[in-house]
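Residue numbers (the working numbering): 44 to 351.
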């Protein structure tokens, strides 16, 4: 478990006042729900302050500051616009960012007017991201928890989760999905990956996808990690629209199933953070994946634990 610091509005107010006196009089309000890897605060009406919550996330600040202005003009949707970078001070030990405020809401099923259209627009954004020249971009590593790298980085943890859940899931089916992902080749050159394409990092306005945020896990690598939302948000026609627009090969989708299964398993097994709602979503993802083409024929679907 990462040691996270207490970061509150008074601290942010003091940091801003000391380093950016032109904004000293602006109100500071936490943005809710708060993120895990960064703490986010609205600064006045037009700005946002984003601070790493633990040392493992600190390297993401300079990465975003460097690369987001390069990527933004080449993308079909707005992404965060860096305005300034703050320095360690007042007991806070890492650099931090000031961005332009994007006036939208985080995506949720009830806020999306047409999920199929939303899936297509997101896929178009990812296609554009993947086609930007990745030369010189950051390789996956500890700075982004290996998003875009080989799934083998999470092999021990995934097998631990399968073993822990063996009384509640079909371990053979889960292992089959996982091993199919592990052994699916990735012969393509690295492309840009967002690294955390989740509903909370997608913004909507008037029911439509309007912006993509939180590029802390940005890297150049295997795009499979960006496809997990096919199972966590989309289904049926929307999932098919997402897949068709991306036009990626079957091996990439096999690795994507592995990424989705890894995250769902570790949440369900209690090896990662997450509330009851996220745990319930994880069980649904496990059920869908283990009933798919890589599941053991005739095997039962996993059973969610009985309520306490």
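Virtual Cβ for every residue (Gly too), placed ideally from N, Cα, C. No experiment lies behind these values; they were computed from the predicted model shown.
{"query": "Alpha-carbon spacing of residue 280 relative to residue 122, whole angstroms", "result": "27 Å"}
{"query": "Limits of the alpha helix (DSSP H) - the one that residue 301 falls within", "result": "293 to 311"}
{"query": "Beta carbon of residue 261 nearer than 9 Å to that of residue 252", "result": "no"}
{"query": "Span of the beta strand (DSSP E) around residue 129", "result": "125 to 129"}
{"query": "Segments of 4+ residues assigned as alpha helix (DSSP H) that fall wholly inside the segment 205 to 237", "result": "214 to 225"}
{"query": "Start-to-end residues for the beta strand (DSSP E) that takes in residue 251", "result": "251 to 255"}
{"query": "Proximal residues to residue 307 (C-beta, below 7 Å), its chain only, five neighbours per side dropped", "result": "325, 328 and 329"}
{"query": "Segment contact flag, the segment 101 to 114 with the segment 150 to 162, C-beta cutoff 8 Å, min 3 pairs", "result": "no"}
{"query": "Beta-bridge pairing of residue 91 - partner residues as DSSP gives them", "result": "85 and 142"}
{"query": "7 Å Cβ shell around residue 100 - same chain, five flanking residues per side excluded", "result": "80, 81 and 259"}
{"query": "Other residues of its chain near residue 244: CB distance less than 6 Å, five sequence neighbours each side excluded", "result": "256 and 257"}
{"query": "Residue 149 - partner residues in DSSP beta bridges", "result": "246"}
{"query": "Under 9 Å between C-beta atoms of residue 295 and residue 192", "result": "no"}
{"query": "Among 78, 75 and 57, nearest to residue 68 - alpha-carbon criterion", "result": "57"}
{"query": "Residue 101 - DSSP class collapsed to helix/strand/coil", "result": "coil"}
{"query": "Rounded C-alpha distance that separates residue 189 from residue 183", "result": "5 Å"}
{"query": "In DSSP terms, what residue 264 is bridged to", "result": "234"}
{"query": "Exposure label - residue 181; buried when at least 16 CB within 10 Å", "result": "buried"}
{"query": "Distance, residue 232 Cα to residue 96 Cα", "result": "33 Å"}
{"query": "Length of the line joining the Cα atoms of residue 287 and residue 154", "result": "24 Å"}
{"query": "Per DSSP, cross-strand counterpart(s) of residue 71", "result": "86"}
{"query": "7 Å Cβ shell around residue 352 - same chain, five flanking residues per side excluded", "result": "There is simply no residue 352 to check, as the chain begins at 44 and stops at 351 in what is shown."}
{"query": "Residue interval of the alpha helix (DSSP H) (run including residue 282)", "result": "279 to 289"}
{"query": "Close Cβ partners of residue 322 (< 7 Å) along its chain, the five nearest in sequence each way excluded", "result": "310 and 311"}
{"query": "Classification of residue 98 by the beta-carbon crowding that lies within 10 angstroms, buried from 16 upward", "result": "exposed"}
{"query": "Three-state class that DSSP yields for residue 171 in the structure shown", "result": "helix"}
{"query": "Residue interval of the alpha helix (DSSP H) (run including residue 56)", "result": "52 to 62"}
{"query": "C-alpha distance - residue 72 paired with residue 146, whole-angstrom precision", "result": "14 Å"}
{"query": "Extent of the continuous alpha helix (DSSP H) to which residue 274 belongs", "result": "272 to 275"}
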